[in-house]
Amino acid sequence: MSIVRVALDVPLPTLFDYRATAAASEDIGRRVLVPFGKKIAVGVIIELASTTSLPMQRVRSVLSILRDVPPLPSDVLALLKFCSDYYYHPLGEVVLNALPTRLRRRQTLKPDTASRYRLTATGRAIDAASLRGRATVKLELLRLLRAAEDGIDEVSLRSIAPRAAAALKTMTEHGWIERVAVTRKAPQASTAVLRFVPGPALTNEQRAAVDSLRSVDAGFTPWLLLGVTGSGKTEVYLQWVADTLACGKQILLLVPEINLTPQLEALVRARFPETVLVSLHSGLNESERLHNWLAAQSGAAGIVLGTRLAVFTPLPRLGFIIVDEEQDSSFKQTDGLRYSARDLALWRAKQRAIPIVLGSATPALETFHKALNGNYRTLALTQRVNAMPPAIECVDTRREPLLDGMSQALLNALRETMKRGEQSLIFINRRGFAPVLMCPSCGWTSGCERCSAKLVLHLQDQRLRCHHCGHQERIPTACPQCGNQDLKPLGQGTQRIDSALARIFPGARILRIDRDSTRRKHAWHEMRRQIHAQEVDILIGTQILAKGHDFPQLNLVGVINADSSLYSTDFRGSERLFALLTQVAGRAGRGATRGQVLIQTEFPAHALYQALRRDDYPAFAKELLAERKQAGFPPFVYQAVLRAEALRRETAIEFLIHAARDGAKIEGAVTIYDPVPASMSRRAGIERAQLTVQSRSRPGLHAFLRAWHVRLDHAAGRKVRWALDVDPLEL
Ligand code: ADP
Ligand code: ZN
Ligand code: ZN
Numbered sequence: 006m007s008i009v010r011v012a013l014d015v016p017l018p019t020l021f022d023y024r025a026t027a028a029a030s031e032d033i034g035r036r037v038l039v040p041f042g043k044k045i046a047v048g049v050i051i052e053l054a055s056t057t058s059l060p061m062q063r064v065r066s067v068l069s070i071l072r073d074v075p076p077l078p079s080d081v082l083a084l085l086k087f088c089s090d091y092y093y094h095p096l097g098e099v100v101l102n103a104l105p106t107r108l109r110r111r112q113t114l115k116p117d118t119a120s121r122y123r124l125t126a127t128g129r130a131i132d133a134a135s136l137r138g139r140a141t142v143k144l145e146l147l148r149l150l151r152a153a154e155d156g157i158d159e160v161s162l163r164s165i166a167p168r169a170a171a172a173l174k175t176m177t178e179h180g181w182i183e184r185v186a187v188t189r190k191a192p193q194a195s196t197a198v199l200r201f202v203p204g205p206a207l208t209n210e211q212r213a214a215v216d217s218l219r220s221v222d223a224g225f226t227p228w229l230l231l232g233v234t235g236s237g238k239t240e241v242y243l244q245w246v247a248d249t250l251a252c253g254k255q256i257l258l259l260v261p262e263i264n265l266t267p268q269l270e271a272l273v274r275a276r277f278p279e280t281v282l283v284s285l286h287s288g289l290n291e292s293e294r295l296h297n298w299l300a301a302q303s304g305a306a307g308i309v310l311g312t313r314l315a316v317f318t319p320l321p322r323l324g325f326i327i328v329d330e331e332q333d334s335s336f337k338q339t340d341g342l343r344y345s346a347r348d349l350a351l352w353r354a355k356q357r358a359i360p361i362v363l364g365s366a367t368p369a370l371e372t373f374h375k376a377l378n379g380n381y382r383t384l385a386l387t388q389r390v391n392a393m394p395p396a397i398e399c400v401d402t403r404r405e406p407l408l409d410g411m412s413q414a415l416l417n418a419l420r421e422t423m424k425r426g427e428q429s430l431i432f433i434n435r436r437g438f439a440p441v442l443m444c445p446s447c448g449w450t451s452g453c454e455r456c457s458a459k460l461v462l463h464l465q466d467q468r469l470r471c472h473h474c475g476h477q478e479r480i481p482t483a484c485p486q487c488g489n490q491d492l493k494p495l496g497q498g499t500q501r502i503d504s505a506l507a508r509i510f511p512g513a514r515i516l517r518i519d520r521d522s523t524r525r526k527h528a529w530h531e532m533r534r535q536i537h538a539q540e541v542d543i544l545i546g547t548q549i550l551a552k553g554h555d556f557p558q559l560n561l562v563g564v565i566n567a568d569s570s571l572y573s574t575d576f577r578g579s580e581r582l583f584a585l586l587t588q589v590a591g592r593a594g595r596g597a598t599r600g601q602v603l604i605q606t607e608f609p610a611h612a613l614y615q616a617l618r619r620d621d622y623p624a625f626a627k628e629l630l631a632e633r634k635q636a637g638f639p640p641f642v643y644q645a646v647l648r649a650e651a652l653r654r655e656t657a658i659e660f661l662i663h664a665a666r667d668g669a670k671i672e673g674a675v676t677i678y679d680p681v682p683a684s685m686s687r688r689a690g691i692e693r694a695q696l697t698v699q700s701r702s703r704p705g706l707h708a709f710l711r712a713w714h715v716r717l718d719h720a721a722g723r724k725v726r727w728a729l730d731v732d733p734l735e736l
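For the record, in the sequence shown the residue sitting at position 306 is 311 according to this note's numbering, with numbers rising by one throughout.
Right under this line is the structure:
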């Protein structure tokens, strides 16, 4: 009797048995269609078996085994299994979640056709200098197409700018480019030694880092590449990518932000023109994502560049993993399957016995601690390649009166920078902060009726909005509590700074970049273009501007509201603030002049600002580690959070109290804390509460969680939704 055990996308911690007479061991990892209840579901075969614990007459038969694409390889199945066990998430959901959407559909795949564009002889002969003026999109398209012999697919080209579609049309009419329809075959792996276009000559530090990497024999070796911003970490990665490709292996390059992938992708493509590079992130459409995934799985893609989900990609020839900006919290998924892609990448490197590099200027303390202990080897880049480090100064706001949130020193610096024809950035730290409406006479503040969040004031369209549930309402004309008509905004929002600056510097060209202004598709691309074309004098922005963008004319950064993270209730507040300010400061002075950073603060003497001014994260991180050790926080303890949601707060809390009592009966060296409301205790009308469990030993914590989570399943009932968050980043 042949039985297959199938993973299905259902929230149950079990596999499902089906009869499958035709199944063979090479079908493990393949998709199957099976009857499930009254429906037909897609599943993945995890195991073959000869017996089942179910009565035989209840075991249904597989409808078909889909053999259109190769099965998930055993190492990926093992990774998914580990992920399911470690994060206490049903295996079926983990497995199906890792497949591209197209493969979760009930149909087999049809041959895929797609349009590509490539340059004609006319197009190749065009002199870029003859395209003056505002032809930036065309120039960009020409540049991309010149680098790609076989042309580039339409979807990718269209995605570079809002005007790309129109530009493609005109260029076709001019006969510069032609459109070809191709049936997409999975690209073939090439074993030829692939060309590496050399970049700038390496600095001594970069050379030393590359040599160290090379000096270690193959096998699992985790590295921390600790490099200050602008120290040229990318060049070190690229040398190693070249070495790895030369050995006929694949590279997995994980980055936090999809916004950052196009630039990096272009850079890497230019340096490895003959290597198949595919990207995997949520910005791709289904067919692109499938195509890229298959290219990775077949081994044809030499380089896979992706965001966190890419960590699950099958890579038969995987030889090297890079996690860039490893400290970034977007590597951790915060709902559903709450995994850390960085941690899984480490597991995967170990499983495949290959090296992995975690790169950062401000590594997570967990990572830094391992490097200090010698669990990871450290490569240090201490100097900026091209520019001097920015001059960082604190403006003491206890002494300086503020005008709409800005000090005289900052306004003067803005004026000077504009005079020199350079750009400035006003960075508003939004973490835990946004402008709310307040009544000065009774203290009323605008709160969301469905959440415990404050409503954020949006002056432009005169509305109050909840950033958590989307609720919005009109700005009240008087205080709902006392009737006072003089309501005031509390704190600095981007819009308020925007209107203040427009008043103070009437001629200035100001560009505000935040979640609202970048929501439109392509908006961000257009803004980048404006900044590069020097059509902007002052940028006002939040977190979105902090990361990795290179604006050569930007020389002044002013930071507002940094202090709110300094004494935050989250024990990771300082660690994050340092990382954030390092990134923001890194935006200043990437060009020829020395950058200037002004941080407005009430605590200029604080160790964090002092270390930041010295560009000395290691020293500050050691201090933080000492504090964490004393206080018994990670990385000296291991945590998990049990999160519960219910319509009524008491229901959630009762469940947690019950869970804590149950947990107390389990033997093990863990501490179970009391249930508390979540930091966002109400969200879209749902009450949220949580409790923390921690242990000094990771195996100890997991021994406990294994026993505990099965009991939780029984205790929850229908009124509570719960989830375990292992190694949580937010408490
Ligand atoms: P990081 O990621 O460490 O912040 P990048 O890799 O972005 O730094 O490099 C910063 C800048 O320095 C980039 O513009 C890069 O092209 C340039 N660069 C890197 N290495 C060198 C080098 N050896 N010589 C000249 N320029 C370099
Ligand atoms: Zn009032
Ligand atoms: Zn709300």
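Here a beta-carbon is modelled for each residue, glycine too, at the ideal position from N, C-alpha and C. Please read these numbers as outputs of a predicted model, since none were measured by experiment.
query	result
Where DSSP assigns a beta bridge to Tyr23, which residues make up the other side?	Val9
Of the residues Phe510, Leu442, Arg517 and Leu407, which one's Cα is nearest the Cα of Gln486?	Leu442
CA-CA distance, His286 and Pro60?	43 Å
If I follow the unbroken beta strand (DSSP E) through Lys44, where does it start and stop?	Lys44 to Ala54
Who does Met61 pair with in a DSSP beta bridge?	The partner list for Met61 (beta bridge, DSSP) is empty, contrary to what the question assumes.
DSSP beta-bridge partners for Pro494?	Leu442
Return yes when at least one heavy atom of ligand 1 lies under 7 Å from the C-beta of Glu607, else no.	no
Which parts of the segment 146-182 are runs of the beta strand (DSSP E), unbroken and 3 residues or longer, counting only runs that do not cross its ends?	none
Is the beta carbon of Pro205 within less than 7 Å of some heavy atom of ligand 5?	This structure simply doesn't include ligand 5; it includes ligand 1, ligand 2 and ligand 3 instead.
Measure the Cβ-Cβ separation of Ile50 and Val11 and say whether it is below 8 Å.	yes
Between which two residues does the beta strand (DSSP E) harbouring Ala396 extend?	Ala396 to Asp401
Smallest Cα separation from Ala590: which of Ala538, Arg501, Ala392 and Gln535?	Ala392
Measure the Cβ-Cβ separation of Arg200 and Glu270 and say whether it is below 8 Å.	no
Determine the closest residue to Arg592 out of Glu580, Leu559 and Arg619, with distance taken between C-alpha atoms.	Leu559
Does the segment 304-319 touch the segment 253-266, meaning 3 or more C-beta pairs lie closer than 8 Å?	yes
Under a three-way DSSP split, which group does Val316 fall into?	helix
Excluding the five sequence neighbours on either side, which residues of its own chain have a C-beta within less than 8 Å of the C-beta of Ala79, listed in chain order?	Looking at the sequence provided, one finds Ser at residue 79 rather than Ala. Ile33 and Gly34, listed in sequence order.
Touching or not, the segment 542-553 and the segment 418-433, by the rule of three or more beta carbon pairs under 8 Å?	yes
For the alpha helix (DSSP H) containing Glu240, list its first residue and its last residue.	Lys238 to Ala251
Does the separation of the CB atoms of Glu650 and Val725 fall below 8 Å?	yes
Going by alpha carbons, who is nearest to Asp667 out of Phe641, Phe709, Ala683 and Ser686?	Phe709
Check whether the segment 288-296 and the segment 313-327 are in contact - that is, three or more C-beta pairs closer than 8 Å.	no
According to the Cβ coordinates, are Leu146 and Leu136 closer than 8 Å?	no
Under 8 Å, do Val461 and His476 count as touching if we go by C-beta distance?	no
Please state if the CB of Val564 and the CB of Leu617 are separated by a distance shorter than 8 Å.	no
Quick check: the segment 403-411 against the segment 235-247, are there 3 or more CB pairs under 8 Å?	no
If you measure between the beta carbons of Phe641 and Phe576, is that distance less than 8 Å?	no
Between the segment 604-612 and the segment 451-460, do three or more beta carbon pairs fall short of 8 Å?	no
If you reduce the DSSP assignment to three classes, tell me which class Lys355 lands in.	helix
In angstroms with no decimal places, state the Cα-to-Cα distance between Gly437 and Ser570.	With a pLDDT of only 43 at Gly437, under the threshold of 50, the placement of this residue in the model should not be trusted; the figure read from the coordinates follows. Rounded to the nearest angstrom, the two C-alpha atoms are 7 Å apart.
Going by the beta-carbon positions, is the gap between Glu98 and Leu282 smaller than 8 Å?	no
Is Val589 near ligand 1 - that is, is its Cβ less than 7 Å away from at least one heavy atom of it?	no
Measuring straight from C-alpha to C-alpha, what distance separates Asp158 and Met532?	24 Å
Have a look at Arg184 and Asp132 and give me their C-alpha separation to the nearest angstrom.	21 Å
Since Glu692 sits in a beta bridge, which residues does DSSP pair it with?	Ala651 and Arg687
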